[in-house]
Amino acid sequence: MRASRASVTARTPSSLTILVRLEARMLDAGEANVEGLTRVRNGTYAFIADYPVLDYIQRRECDLRLLNEHLFRQVNSFALQKNSPLMPSFNFFLMKLRDGGVLEKLRSKWWRSSSCEGAQPAFTKLGLEEVSSCFMLLCLGMLLAVLLCFCECCKLRRRLVLHSQQASDEAFAPPASLSMRPE
Numbered sequence: 001m002r003a004s005r006a007s008v009t010a011r012t013p014s015s016l017t018i019l020v021r022l023e024a025r026m027l028d029a030g031e032a033n034v035e036g037l038t039r040v041r042n043g044t045y046a047f048i049a050d051y052p053v054l055d056y057i058q059r060r061e062c063d064l065r066l067l068n069e070h071l072f073r074q075v076n077s078f079a080l081q082k083n084s085p086l087m088p089s090f091n092f093f094l095m096k097l098r099d100g101g102v103l104e105k106l107r108s109k110w111w112r113s114s115s116c117e118g119a120q121p122a123f124t125k126l127g128l129e130e131v132s133s134c135f136m137l138l139c140l141g142m143l144l145a146v147l148l149c150f151c152e153c154c155k156l157r158r159r160l161v162l163h164s165q166q167a168s169d170e171a172f173a174p175p176a177s178l179s180m181r182p183e
């Protein structure tokens with residue numbers, strides 16, 4: 001048993017090795033961000049990166065603009081060991097914080113401040129006040145459609161009643177050959 005444990009630990013990289021590799025990747029990402037920003041400033045180049053990174057850079061550098069289009073869903077993540085028993089708990093509490101608006105409050109408190117004077121955000125979220133007129137128009141259109149449908153049903157019913165009255169009048173009318181009128 002001890003031999004198998006020793007061989008497993010020998011194959012598993014130490015936590016120090018993992019941290020060194022993680023730091024190297026973070027430094028590479030920083031250089032890629034700097035290179036991307038340089039290319040944006042020098043010409044017609046669009047820099048695509050994670051939204052939080054771009055949002056942070058845009059708030060510090062006043063000559064950049066963040067587009068409104070999110071190419072990928074934004075998620076919050078933590079690095080955990082593979083098959084960690086903590087994963088369900090982290091997921092549950094992150095969703096709870098996100099759904100309760102706590103993450104957005106923290107982001108607006110610590111992240112949203114801009115060092116640029118008179119800077120306006122590239123886009124703002126629409127609230128109920130901004131889109132209420134769209135809902136009113138939608139409800140008005142639905143009401144008008146129901147009213148028109150009701151009018152058409154009444155008109156069709158009237159035609160059917162008139163048609164059935166004409167048919168019954170013709171059924172009870174004497175034949176033309178038996179009429180009392182002289183020809």
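Mapping the sequence shown onto the UniProt record's numbering, position 92 (from 1) lands on 92, and the numbers just tick up by one. For glycine and all other residues, C-beta sits at the position ideal for the given N, C-alpha and C.
When the five nearest sequence neighbours on each side are left out, no beta carbon in the same chain lies closer than 7 Å to the beta carbon of R159.
In the structure shown, R65 falls within a coil segment according to DSSP collapsed to helix, strand and coil. Secondary structure at N83: coil, using DSSP grouped into helix, strand and coil. Pairing C151 with F93, the inter-Cα distance amounts to about 54 Å. Distance from the CA atom of N91 to the CA atom of L103, rounded to whole angstroms, is 14 Å. T38 sits in a helix when the DSSP states are folded into three classes.
Inter-residue distance for S133 and V146 is about 20 Å (C-alpha atoms, whole angstroms). DSSP places I57 within a helical segment (H, G or I) once states are collapsed to three. Close CB contacts of L64 within its chain, under the 6 Å cut and outside five residues either way in sequence, are with Q58 (chain order). In the three-state DSSP reduction, S77 falls in the coil class, being neither helix nor strand. Counting only residues of its own chain and dropping the five nearest sequence neighbours on each side, L37 has a CB closer than 8 Å to the CB of F47, I57, E61 and L64. Between M87 and L97, the C-beta spacing is not below 8 Å. Counted as a single uninterrupted DSSP element, the alpha helix (DSSP H) harbouring L103 occupies residues V102 to W110.
A buried status is given to L54, since no fewer than 16 other beta-carbon atoms sit within 10 Å of its beta-carbon.
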